[in-house]
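Numbering (the numbering used here), first residue to last: 70 to 687.
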């Protein structure tokens, strides 16, 4: 062996290390496979059916079972997520396979801040439900948001795995990330995960980062999580393995590749060829699990899977957006496409195709990202950055300036309420905040969210609701209050089945005719409202025109006068009731959404025409 080093040079030292057959373990990210592909997760009966088959594959030491949006979407289709997690983890616990979940530090399992007492309860509940490892990430990589995650996980008896949100920018260097790692180890983190959510981490850089971590902290387990969106993750997997990584996250067909994760078969073959010690795959069990997963897709889950998520795109390398949000992003863009073309035509400019607009969006994200301080493009900051970019495209089409309309959640990120941004804000963003009278926040983000469990306990007592085993029902109410109330009332299940029936009918109809893209404007409406400015939904949710307890709530009547800054309507989003503020004035030509209509961000909900123009459209 030494002779080979002298003959081939010191660069061949890596080959010698290969011969030492370092063991690389695999984790099946079954939860993220679904979340990166579509909206919903499998039902508990489906999960318990496939669990023993996954065990029989004999190649996984870890399984990602829950976290992220798992609990929330369970509630949304009327299922109890606590029962799902307990039943889902049971088979893996029995087989000695570690289970792990994903949580968002300050944001817990939702898109906005969570009180400390709820975060602490989450760890206790999930440990009791059979979850071994808490993977915690902060989208801004702010150690202050992760400190309590580490503390609460360890107090609950869980393994604390603190994650680095990986991206590629002049700010996000190996030195930058090592500064965060030092803090996380100081907090007591047992493991470090590289969460390459967009798959844009450069392989060589990730290899250097893992080497630095393992050299400085050899006792720390390093796990790599890379999405395949732009096509870099297989190279990154090999580089981090060579540098000393211990665990690699994998997916399996039919939910691998595209915007998801590499398939375990390919990863295993690549690492085995490189000389690493890896477990064999029971292919009979693999094919059975593959078959079952496809059955789940064919049942109802496929209705919510965007076919585009099966395709990789090198365009993502530049903008850095995670592939998992491609579906929602395309939906938003389709919704606003008609409005942008109407504005362009009105201003004497040529209309753009959807493909051209897609490229423009990627370019806009790439342009504004440094101006926003390089927030890693992971939930929810990827959504905020994308939202700003979409509204910028609409504003510029209307002849307005960039950043004319920034939603409150995006402002919260900009102002520092979610944590410290990695890089400096552009001077024009700072100036815009001051112009609007907004104050920057440099305090600890958690301090803005006081303890809330006593209020939720009171609500459960008043409703006669059981707090559940290990207070798990209390936790669900406190983490997802609106969705939990809908689940308890039965509204969620009723709404879900209506939605499924509608989607199945639409799918059947589409097989017989060519349907127009959702969110686009039919030609007859373009002609009818050719002089009007479209008003678009600023969030996804239900349209609320008014709340009338004595009579039916109805939209405003055509001809009603509005001025810029007026509230046109509200939208009941999943996390709050948000106003739709007008950026222009005029008289109302028409509305196209009854009270309670579900809309997507960017959908047209009405039209305004300048008051000084005659109403020629009616």
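Virtual Cβ for every residue (Gly too), placed ideally from N, Cα, C. Quantities reported herein were computed from a predicted structural model and do not represent experimental measurements.
**Asked** Counting along the chain, where does the alpha helix (DSSP H) carrying residue 170 start and finish?
**Response** Counted from its first residue, the chain shown places residue 170 at position 101. No alpha helix (DSSP H) contains residue 170, which is instead part of the beta strand (DSSP E) from 167 to 172.
**Prompt:** Could you give the distance in angstroms between the alpha-carbon of residue 390 and the alpha-carbon of residue 441?
**Reply:** As a first step, residue 390 is located in the chain shown; it is residue number 321 there, counting from the start. As a first step, residue 441 is located in the chain shown; it is residue number 372 there, counting from the start. Approximately 14 Å, taken between the alpha carbons.
**Request:** Have a look at residue 227 and residue 354 and give me their C-alpha separation to the nearest angstrom.
**Result:** In the chain shown, counting from the first residue as 1, residue 227 sits at position 158. In the chain shown, counting from the first residue as 1, residue 354 sits at position 285. Each residue's alpha carbon lies about 30 Å from the other.
**Environment of residue 660 [buried if 16+ CB atoms lie within 10 Å]** = Locating residue 660 in the chain shown gives position 591, where the first residue counts as 1. Here residue 660 is buried. Its C-beta has 16 or more other C-beta atoms within 10 Å.
**Asked** Do you know how far the Cα of residue 603 is from the Cα of residue 674?
**Response** Within the chain shown, residue 674 is the residue found at index 605, counting from 1. Within the chain shown, residue 603 is the residue found at index 534, counting from 1. If I take the Cα positions, the gap works out to 8 Å.
**Message:** Just to confirm the assignment, what range does the beta strand (DSSP E) spanning residue 62 have?
**Reply:** In this structure the chain extends from 70 to 687, so residue 62 is not present and cannot be described.
**Asked** Looking at the unbroken alpha helix (DSSP H) that takes in residue 480, where does it start and where does it end?
**Response** Position 411 of the chain shown, counted from the first residue, corresponds to residue 480. Note, residue 480: alpha helix (DSSP H), 477 to 483.
**residue 149 in three-state terms, based on DSSP** = Translated into the one-based positions of the chain shown, residue 149 becomes position 80. Residue 149 carries a coil assignment under DSSP once its states are collapsed to helix, strand and coil.
**Asked** How is residue 210 classed by DSSP in three states: helix, strand or coil?
**Response** As a first step, residue 210 is located in the chain shown; it is residue number 141 there, counting from the start. Note: residue 210 maps to coil in three-state DSSP.
**Prompt:** CB-CB under 7 Å to residue 405, same chain, minus the five flanking residues each way: which ones, in chain order?
**Reply:** On the chain shown, residue 405 is found 336 positions in, with the first residue counted as 1. Contacts found: 459, 463, 605, 671.
**Message:** Taking DSSP's pairing of strands, which residues face residue 133 in a bridge?
**Reply:** Along the chain shown, read from residue 1 onward, the residue named residue 133 stands at position 64. The partner list for residue 133 (beta bridge, DSSP) reads 169.
**Request:** With DSSP collapsed to three states, give me the class of residue 675.
**Result:** Residue 675 sits at position 606 when you count from the first residue of the chain shown. In the structure shown, residue 675 sits in a strand (DSSP, three-state: E or B).
**Prompt:** Can you name the residues that DSSP bridges to residue 639?
**Reply:** Residue numbering aside, residue 639 sits at position 570 when the chain shown is read from its first letter. DSSP, once it has assigned bridges, lists 613, 648 as partnering residue 639.
**Item:** Per DSSP, cross-strand counterpart(s) of residue 447
**Value:** Start at 1 with the first residue of the chain shown, and residue 447 comes out as number 378. The partner list for residue 447 (beta bridge, DSSP) is empty, contrary to what the question assumes.
**Message:** Taking the alpha-carbon of residue 119 as reference, which of 147, 160, 657 has the nearest alpha-carbon?
**Reply:** For the purposes of this step, residue 119 is taken as the residue at position 50 of the chain shown. With distances taken between Cα atoms, residue 119 lies closest to 160.
**Message:** Below 8 Å on the Cβ atoms is my contact criterion, and I expect residue 318 with residue 294 to pass it. Report the Cβ-Cβ distance as a whole number of Å.
**Reply:** To locate residue 318, count along the chain shown from 1; it is residue 249. To locate residue 294, count along the chain shown from 1; it is residue 225. Contact holds; Cβ gap of about 4 Å.
**Message:** With a threshold of 8 Å on Cβ separation, who are the neighbours of residue 78 within its own chain once the five nearest residues in sequence on each side are excluded?
**Reply:** Against the chain shown, residue 78 aligns to sequence position 9. Any answer about residue 78 is weak, because its pLDDT of 48 lies below 50 and its placement is not dependable; what the coordinates show is given next. Cβ neighbours of residue 78 beyond the five flanking positions: none.
**Message:** I need the straight-line Cα distance from residue 307 to residue 611, nearest angstrom please.
**Reply:** As a working note, residue 307 is residue 238 in the chain shown. As a working note, residue 611 is residue 542 in the chain shown. The alpha-carbon atoms of residue 307 and residue 611 are separated by roughly 46 Å.
**Item:** Straight-line Cα distance separating residue 145 from residue 198
**Value:** On the chain shown, position 129 is the one that residue 198 refers to. On the chain shown, position 76 is the one that residue 145 refers to. Straight-line Cα distance between these residues: approximately 20 Å.
**Prompt:** Does the Cβ of residue 509 have 16 or more other Cβ atoms within 10 Å, making it buried, or fewer, making it exposed?
**Reply:** For the purposes of this step, residue 509 is taken as residue 440 along the chain shown, with counting starting at 1. Result: exposed.
**Asked** Going by DSSP, which residues form a beta bridge with residue 330?
**Response** Your numbering for residue 330 matches position 261 in the chain shown. Answer is none; residue 330 lacks a bridge partner.
**Message:** Count Cβ pairs between the segment 442 to 457 and the segment 413 to 426 that sit closer than 8 Å; are there 3 or more?
**Reply:** no
**Residues sharing a beta bridge with residue 196, DSSP** = Looking up residue 196 in the chain shown gives position 127. Answer is none; residue 196 lacks a bridge partner.
**Message:** If you reduce the DSSP assignment to three classes, tell me which class residue 319 lands in.
**Reply:** Counted from its first residue, the chain shown places residue 319 at position 250. Residue state, collapsed to three classes: strand.
**Prompt:** So residue 511 packs on residue 485, CB below 8 Å; how close in whole Å?
**Reply:** Numbered from 1 along the chain shown, position 442 holds the residue referred to as residue 511. Numbered from 1 along the chain shown, position 416 holds the residue referred to as residue 485. Contact holds; Cβ gap of about 6 Å.
**Prompt:** What separation, rounded to the nearest whole angstrom, lies between the Cα atoms of residue 520 and residue 189?
**Reply:** Mapped onto the chain shown, residue 520 falls at position 451. Mapped onto the chain shown, residue 189 falls at position 120. Near 11 Å, if we compare the C-alpha coordinates of residue 189 and residue 520.
**Message:** Quick check: what's the CA-CA separation for residue 618 versus residue 246?
**Reply:** The count along the chain shown starts at 1 and reaches residue 618 at position 549. The count along the chain shown starts at 1 and reaches residue 246 at position 177. The predicted model places residue 618 with a pLDDT of 42, which falls under 50 and marks its position as unreliable; any figure quoted below should be read in that light. Roughly 54 Å between the two C-alpha positions.
**Message:** DSSP three-state label for residue 415, please.
**Reply:** Taking the chain shown and counting its residues from 1, one reaches residue 415 at position 346. Three-state DSSP puts residue 415 in a helix.
**One or two residues paired with residue 234 in a DSSP bridge** = Here residue 234 corresponds to residue number 165 of the chain shown, with the count starting at 1. Residue 234 pairs with 264.
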